[in-house]
Amino acid sequence: MQGLRWILTGLLALGLTACGHMSGTPKDHDQAALTPGEEDQNIQQIAGVNDDIATSPAEQNNIPIEVNKQVQKWVDYFQGRGRKHMIRDLERSSRYLPMMKTELQKAGLPSDLVYVSLIESGFNPVAHSRAAAVGYWQFIRETGKNYGLQIDAFVDERRDPVLSTQAASRYFRALHNLFGNWYLALASYNTGENRVKRAVMRSYSRDFWKLAKDRRLPRETVNYVPKFIAATLIAKNPEIYGFRDIAYQPPLAYDQITIDKPISLQKLASGMGGISYEEMRRLNPMYRTYFIPVPQGRSVVLRVPLGAKDRAMAAVDMSYSTPPRYVATEFSYRVRRGDTLSGIARKYRTSIGNLRRLNHLGNRSSLRVGQRLRVPERETNTARMEYEESNPSANRRVAASRDVRYHQVKRGENLSTIANKYRTSVAALREINQLSRRSVIMVGQKIVVRDQKGKVHVVRQGETLTGIAKQYAMKVGDIASANQLTNRSHIMVGSELVIPQNN
Numbered sequence: 032m033q034g035l036r037w038i039l040t041g042l043l044a045l046g047l048t049a050c051g052h053m054s055g056t057p058k059d060h061d062q063a064a065l066t067p068g069e070e071d072q073n074i075q076q077i078a079g080v081n082d083d084i085a086t087s088p089a090e091q092n093n094i095p096i097e098v099n100k101q102v103q104k105w106v107d108y109f110q111g112r113g114r115k116h117m118i119r120d121l122e123r124s125s126r127y128l129p130m131m132k133t134e135l136q137k138a139g140l141p142s143d144l145v146y147v148s149l150i151e152s153g154f155n156p157v158a159h160s161r162a163a164a165v166g167y168w169q170f171i172r173e174t175g176k177n178y179g180l181q182i183d184a185f186v187d188e189r190r191d192p193v194l195s196t197q198a199a200s201r202y203f204r205a206l207h208n209l210f211g212n213w214y215l216a217l218a219s220y221n222t223g224e225n226r227v228k229r230a231v232m233r234s235y236s237r238d239f240w241k242l243a244k245d246r247r248l249p250r251e252t253v254n255y256v257p258k259f260i261a262a263t264l265i266a267k268n269p270e271i272y273g274f275r276d277i278a279y280q281p282p283l284a285y286d287q288i289t290i291d292k293p294i295s296l297q298k299l300a301s302g303m304g305g306i307s308y309e310e311m312r313r314l315n316p317m318y319r320t321y322f323i324p325v326p327q328g329r330s331v332v333l334r335v336p337l338g339a340k341d342r343a344m345a346a347v348d349m350s351y352s353t354p355p356r357y358v359a360t361e362f363s364y365r366v367r368r369g370d371t372l373s374g375i376a377r378k379y380r381t382s383i384g385n386l387r388r389l390n391h392l393g394n395r396s397s398l399r400v401g402q403r404l405r406v407p408e409r410e411t412n413t414a415r416m417e418y419e420e421s422n423p424s425a426n427r428r429v430a431a432s433r434d435v436r437y438h439q440v441k442r443g444e445n446l447s448t449i450a451n452k453y454r455t456s457v458a459a460l461r462e463i464n465q466l467s468r469r470s471v472i473m474v475g476q477k478i479v480v481r482d483q484k485g486k487v488h489v490v491r492q493g494e495t496l497t498g499i500a501k502q503y504a505m506k507v508g509d510i511a512s513a514n515q516l517t518n519r520s521h522i523m524v525g526s527e528l529v530i531p532q533n534n
């Protein structure tokens, strides 16, 4: 009963809420140490390897390694069927391990917790689970926000290696403070602390292995802790387990600049010379589009390649941008047994038609187990409006230069009726909103419409400001001024230019 009172006291002190996934010195476990003969020779060998793991001061506060048949099963898996995945993840791990270990140690936590990211995401910033968990540490939206991460139409800090690791550190500390046991903390990270708390209370035990044996935890969670232990053993001693000649990536390194106005990452990369947009995206994976929002009166730190800080600062003034009119991001989903298009569409709040169009599926196409589908993560035309509403100065700048407005689709409306209402054409509406001929507009959707005061021109391949000005019989300076550009600004294919009304 003393253990139960201790857990309830911890819960009241923390006031934690349940989540869908996912410093003190670790307490002793209830399970007795293994003795020779209890396990086969392979397990004894693994235990011997563990004795030789580095025990530097930074590593002494690490998670105890208990080796048994469950752990051996996962070691065998990583050496066999899961070998190619382990090799890929090990190669990627070296890019993030130094930084992530440092952040964990700053929080007074065992650095071995870094290998949670290995089994959760394989150190992939855009990893997306069936439960809609995202990023290196696989936070669901609610838990990510609870631990201080910004998640909206333009920013998802679950994809940022530094910020997400800091959030994971706060979460791990809370879980360990609650249970006083790292294996239970890890189990809670997988299945939620409330479920583990109920299992502990019903079994009167804080021994993870006993809870697993008595089937007090979900099957996935029963496998989670031994999987973590196996991955940790291999990642710290890859050659001993047969992983040789791993092509490790260089550690993450970058310079930083501070910006105080919203910019386009594409324009910034173009203005820096020799730096690709893809490289800038890799350094700043938290941004969901090219647009880097900056809240009014604040500044934002942006990562740039080493040695490119001065070039980046010089290009900032030419990179001003307004929010995109349409935000559409997607992730890759692996089809599982029993999945249907309707079920996937319902789970991720999209339509069957969207899934078919995005994946080029016909009406009679069938799904295969293991097939990869592109699934829209979020589709909205209101992202720009949300940003402008929360940033009045940006809203005033946009309103002064862009003679367009939004229309919320009502029941029974289509592009033709909306075009007639605003005295424009269906083709113009498609162009402004980046809609194809097959696109379907939904009730409640907000689309951009132009009024009679001006036009919007979408830049095509090979076009220049001079050519566009000639096309509309205008001066280059007038178009540049209406779009916060200079006469020499570089314009990107697909960007939108306001064509002001001729007086």
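In terms of the numbering used here, the sequence shown opens at residue 32 and continues consecutively. Positions of the beta carbon are idealized from the N, C-alpha and C atoms, including for glycine.
Backbone secondary structure at residue i - three-state DSSP
| i | result |
| --- | --- |
| F170 | strand |
| Q439 | strand |
| P95 | coil |
| T455 | coil |
| L404 | strand |
| R319 | coil |
| H391 | coil |
| D107 | helix |
| V507 | helix |
| S396 | coil |
| T381 | coil |
| T371 | coil |
| T495 | coil |
| F274 | coil |
| F154 | coil |
| I472 | coil |
| T448 | helix |
| S234 | helix |
| T353 | coil |
| D291 | coil |
| D286 | strand |
| M126 | Just to set this straight, residue 126 is Arg in the shown sequence, not Met. Correct three-state label for R126: coil. |
| D191 | coil |
| F362 | strand |
| L333 | strand |
Residue i, buried or exposed, once every other Cβ within 10 Å from all chains shown has been counted against 16
| i | result |
| --- | --- |
| N93 | buried |
| K115 | exposed |
| V529 | buried |
| P281 | exposed |
| T320 | buried |
| T289 | exposed |
| A216 | buried |
| L337 | exposed |
| G273 | exposed |
| P531 | buried |
| V186 | buried |
| G55 | Only weak support exists for where G55 lies, its pLDDT of 32 falling under 50; the value from the coordinates is given anyway. Looking at its Cβ environment, which holds fewer than 16 other Cβ atoms inside 10 Å, G55 is exposed. |
| N394 | exposed |
Neighbourhood of residue i by C-beta, 6 Å cutoff - its chain only, sequence neighbours within 5 removed
| i | result |
| --- | --- |
| L314 | Y285, R334 |
| V253 | A243 |
| V227 | L215, A218, S219 |
Close beta carbons around residue i, own chain, < 8 Å, minus the five adjacent residues each side
| i | result |
| --- | --- |
| I383 | L372, S373, A376 |
| K176 | I182 |
| S396 | R387 |
Own chain partners of residue i with C-beta closer than 7 Å, once the 5 adjacent residues on each side are dropped
| i | result |
| --- | --- |
| D370 | L398 |
| R405 | E361, S363, L389, N390 |
| G475 | Q439, V440 |
Spatially closest choice to residue i from the options, by CA coordinates
| i | options | result |
| --- | --- | --- |
| R190 | Q502, L121, R312, S200 | R312 |
| R237 | V256, K267, E251, Y214 | Y214 |
| V471 | R442, E494, V490 | R442 |
| R461 | V479, Y453, M473 | V479 |
| F239 | S295, N451, N208, E97 | E97 |
| D276 | G304, Q287, L121 | L121 |
| Q169 | P192, G304, N385 | P192 |
| L283 | R126, M117, P355 | R126 |
| M232 | N221, F210, R250 | F210 |
| R365 | H159, T174, I118, D107 | H159 |
| M117 | I294, N445, P269 | P269 |
| Q287 | A458, V332, F109, P249 | V332 |
| D341 | G304, S152, R368 | G304 |
| P129 | K241, T174, Y279 | Y279 |
Residue i CB to nearest heavy atom of the ligand GDP below 7 Å
| i | result |
| --- | --- |
| P354 | Looking for the ligand GDP in the displayed structure turns up nothing, as the structure carries no ligands at all. |
Checklist entry - At a cut of 8 Å, does the region 313 to 331 reach the region 257 to 269 through at least three beta carbon pairs? => result Not touching, per the Cβ criterion.
Item to check | Any 3 or more C-beta pairs closer than 8 Å across the region 132 to 146 and the region 193 to 201 | outcome: Yes, the region 132 to 146 touches the region 193 to 201.
Next on the checklist: Assess contact between the region 337 to 351 and the region 297 to 311, defined as three or more Cβ pairs (one per stretch) separated by less than 8 Å. Is contact present?
Outcome noted: Of all C-beta pairs linking the region 337 to 351 to the region 297 to 311, three or more are shorter than 8 Å, placing the two stretches in contact.
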